[in-house]
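Report on one structure; see the data block that follows.
2 protein chains.
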Amino acid sequence: MIKDQKIPDATIERVALYLRPLEDLIKLGVHVISSDRLAEMCKVNPAQVRKDLSYFGGFGVRGVGYNIHDLIFEIKKILASDREWKLGIAGLDDMGMALLQHKNFFKRGYKFVAAFDSDPKKIGQRLPIGLTIQPIRKIKPMAQDLGIEIGVITTSPLQAQVVADMFFDAGIKAILNFSPIHIRRPDCCLVQNVDFSVTLDQLAYRLSKEV
Amino acid sequence: MIKDQKIPDATIERVALYLRPLEDLIKLGVHVISSDRLAEMCKVNPAQVRKDLSYFGGFGVRGVGYNIHDLIFEIKKILASDREWKLGIAGLDDMGMALLQHKNFFKRGYKFVAAFDSDPKKIGQRLPIGLTIQPIRKIKPMAQDLGIEIGVITTSPLQAQVVADMFFDAGIKAILNFSPIHIRRPDCCLVQNVDFSVTLDQLAYRLSKEV
DNA sequence: ACTTTATTGTGAAATATTGCACATGTATAA
DNA sequence: TTATACATGTGCAATATTTCACAATAAAGT
Numbered sequence: 001m002i003k004d005q006k007i008p009d010a011t012i013e014r015v016a017l018y019l020r021p022l023e024d025l026i027k028l029g030v031h032v033i034s035s036d037r038l039a040e041m042c043k044v045n046p047a048q049v050r051k052d053l054s055y056f057g058g059f060g061v062r063g064v065g066y067n068i069h070d071l072i073f074e075i076k077k078i079l080a081s082d083r084e085w086k087l088g089i090a091g092l093d094d095m096g097m098a099l100l101q102h103k104n105f106f107k108r109g110y111k112f113v114a115a116f117d118s119d120p121k122k123i124g125q126r127l128p129i130g131l132t133i134q135p136i137r138k139i140k141p142m143a144q145d146l147g148i149e150i151g152v153i154t155t156s157p158l159q160a161q162v163v164a165d166m167f168f169d170a171g172i173k174a175i176l177n178f179s180p181i182h183i184r185r186p187d188c189c190l191v192q193n194v195d196f197s198v199t200l201d202q203l204a205y206r207l208s209k210e211v
Numbered sequence: 001m002i003k004d005q006k007i008p009d010a011t012i013e014r015v016a017l018y019l020r021p022l023e024d025l026i027k028l029g030v031h032v033i034s035s036d037r038l039a040e041m042c043k044v045n046p047a048q049v050r051k052d053l054s055y056f057g058g059f060g061v062r063g064v065g066y067n068i069h070d071l072i073f074e075i076k077k078i079l080a081s082d083r084e085w086k087l088g089i090a091g092l093d094d095m096g097m098a099l100l101q102h103k104n105f106f107k108r109g110y111k112f113v114a115a116f117d118s119d120p121k122k123i124g125q126r127l128p129i130g131l132t133i134q135p136i137r138k139i140k141p142m143a144q145d146l147g148i149e150i151g152v153i154t155t156s157p158l159q160a161q162v163v164a165d166m167f168f169d170a171g172i173k174a175i176l177n178f179s180p181i182h183i184r185r186p187d188c189c190l191v192q193n194v195d196f197s198v199t200l201d202q203l204a205y206r207l208s209k210e211v
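Sequence lines, in order, name chains A and B.
Just so you know, our numbering puts 191 at position 191 of the first sequence, and the rest follows in order with no gaps.
Just so you know, our numbering puts 182 at position 182 of the second sequence, and the rest follows in order with no gaps.
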């Protein structure tokens, strides 16, 4: 274990990435993996993998490798994804519905416990996962009742800030924002933006640099 | 302009991010912006903004700031988003539909020109944006006919690799993958993965570190 | 027991990125 | 015209991240 050093953000990002191949391997009945092999699967440098993992305490075995079970357990503990997180979502157009149905969320412990929309035609509708769409003014009472911890925003850009403010007002400290606007937030709260256009821009850039 | 130095990846990422507030400002009738103000809007360091932009050639004006129009033009030129890119999408469940309808893609020059699915019930259906869903075996001929440049994968994990191989076989050099598997690719091709679970993991980590 | 082979953990070097600080240039106003 | 305020561009120092390289350790073979 590397002394009480701060774990680099880049490490956190990669480690979350290691999780998936590890889970696949477990399913295939593999119990031990070397940094070389994991690195190859994730297209990173083997020393990087070892250093990343060593932040969590050296539980690899020299000459042998890492016990995959332990590794998953430790990574989840660090990422705080060793427990359930309750999500509320606002905006139930295609993107919202897609996220609600996203199997990986559930598998990883992210559970939607409430869904909100402002469209009167949608309010009251029953969703496949068993929730009923609520009006957005219910965000505060329901968020508090249900103990929602993360708010997911897939509304139109026009509504995104309003909804965000409601989430914050309800005491929610983290928002995952899919709407293409910059959300203003209190200092104590976190916003993580997902913007596919930016992702495509990066891809287009890399593509245009290719021979 | 900083000499023929390589532009850092981190810069590319940020610069794609600067684009949106800049476009908003133009709409509001603002024509000039300082690095300080842009930095504040994007929550980065002002010197960082200046350095990022200086890679593209110093076209700010000392004592004044940057001309927003020029800035947008130059950024788009660098990112190669100053032109249209043709996209094909495979997998038309909610996520696929959400992406097809995503207004920002269109605005930024990313146009879907074909849609594929393997579900017989879906094939032949007409989509709101005017495309008809094609069977995935049509990927190769249609991709070549239509000149698709980027393949978007929103299929189930089981089909993702097959579809990817079809895209590669059709000569497509870049894939945006929303499916939670690692896509094997030829060396000449690019894959950009989008994984919401990883994004949530990062958010959960940051949340758990808060006081 | 000893040798060989495999693989981790990590200090230290190499590289990359960020931010400071200030010289340099522009505009405005008196 | 001169002073003042403002804002860029960038060398350089400070940080951060990545990679190398090797000692340490474990298992397997002889």
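Beta carbons are placed, not taken as given, at the ideal position from N, Cα and C, and that holds for glycine.
- At a cut-off of 8 Å between C-beta atoms, B:V163 does not count as an interface residue with respect to chain A.
- At least one beta carbon of chain B lies nearer than 8 Å to the beta carbon of A:E13.
- Taking 8 Å as the CB threshold, B:L99 lines the interface with chain A.
- Measuring C-alpha to C-alpha distances from B:I139 to each of B:A114, B:L19 and B:K122 identifies B:A114 as the nearest.
- With fewer than 16 neighbouring CB atoms inside 10 Å of its own CB, B:C188 falls in the exposed class.
- When DSSP assignments are scanned along the segment 19-76 of chain B, the uninterrupted stretches of alpha helix (DSSP H) that are 4 or more residues long and fall wholly within it turn out to be 35-42 and 46-54.
- DSSP, read as helix, strand or coil, puts A:Q192 in strand.
- Taking all protein chains shown into account, A:Q202 has 16 or more neighbouring C-beta atoms within 10 Å of its C-beta and is therefore buried.
- With a cutoff of 8 Å on beta-carbon distance, B:S179 and B:S156 are scored as near each other.
- About 21 Å separates the beta carbons of A:E40 and A:F59, which is beyond the 8 Å limit, so they are not a contact pair.
- In this structure, DSSP gives B:L92 a state outside helix and strand, which the three-state scheme calls coil.
- For B:E210, the residues of chain A that pass the 7 Å Cβ criterion are K173, in the order they occur in the chain.
- With a 10 Å radius around the Cβ and a threshold of 16 neighbouring Cβ atoms, B:E149 comes out buried.
- Secondary structure of B:K121 (DSSP, three-state): coil.
- Between the alpha carbons of A:L100 and A:N45 lies a gap of roughly 35 Å.
- A:L79 has its alpha-carbon roughly 8 Å from the corresponding atom of A:A16.
- Straight through space, the alpha carbons of B:K122 and A:P186 are spaced by roughly 45 Å.
- In the DSSP assignment, the residues bridged to B:Q134 are B:F116.
- Using a Cβ-Cβ distance cut-off of 8 Å, the segment 151-168 of chain A and the segment 84-95 of chain A are in contact, since at least three pairs of beta carbons, one from each stretch, lie closer than that value.
- By the Cβ test, the segment 121-135 of chain B is not in contact with the segment 125-144 of chain A, since fewer than three Cβ pairs between them sit closer than 8 Å.
- For B:K27 and A:H182, the gap between their C-alpha atoms comes out near 16 Å.
- Distances from the alpha-carbon of B:D9 to those of B:S118, B:P120 and B:Y55 put B:Y55 closest.
- In the structure shown, B:R14 falls within a helical segment according to DSSP collapsed to helix, strand and coil.
- Near chain B, meaning a CB-to-CB distance below 7 Å, the residues of the segment 61-91 of chain A are L79, A80, S81 and W85.
- Taking 8 Å as the cut-off, the Cβ atoms of A:K86 and A:G171 do not count as close.
- CA-CA distance, A:R20 to B:K173, rounds to 25 Å.
- A direct Cα-Cα distance of roughly 15 Å separates A:V61 from A:R37.
- Residues of the segment 26-48 of chain B whose Cβ lies closer than 9 Å to any Cβ of chain A, in chain order: M41, C42 and K43.
- DSSP places B:I153 within a strand segment (E or B) once states are collapsed to three.
- In the three-state DSSP reduction, A:A174 falls in the strand class (E or B).
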